[in-house]
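Chemist:
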Amino acid sequence: FGTFVQVLVVLPHTPGGPIAINVAGQVDQFADVSNELLVSGGGSGSGDAALRGSVTSPYGR
Numbered sequence: 036f037g038t039f040v041q042v043l044v045v046l047p048h049t050p051g052g053p054i055a056i057n058v059a060g061q062v063d064q065f066a067d068v069s070n071e072l073l074v075s076g077g078g079s080g081s082g083d084a085a086l087r088g089s090v091t092s093p094y095g096r
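With this note's numbering applied, the sequence shown covers 36 to 96.
(1) Got a sec? Which residues, its chain only, sit under 6 Å from P53 by beta carbon, not counting five neighbours each side?
(2) Rounded to a whole number of angstroms, what is the C-alpha to C-alpha distance between Q61 and V68?
(3) Quick one: Cα of A59 to Cα of G51, how far?
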């Protein structure tokens, strides 16, 4: 098993709510990945975000 990192920048005026994030898997590398980024609307000083996700298949497409 391995990991990879993707940096996401949430700008100050990004609308609040869930945003779907999908990464297509690479054959013999990693499976499709789907996540949901929940951006809070807590005000201009808030940088709150929560990430929920899953791997759709353990061995790639």
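The beta-carbon is built from N, C-alpha and C at its ideal position, and this holds for glycine as well.
Modeler: In terms of the structure at hand:
(1) E71 and L73
(2) 10 Å
(3) 25 Å
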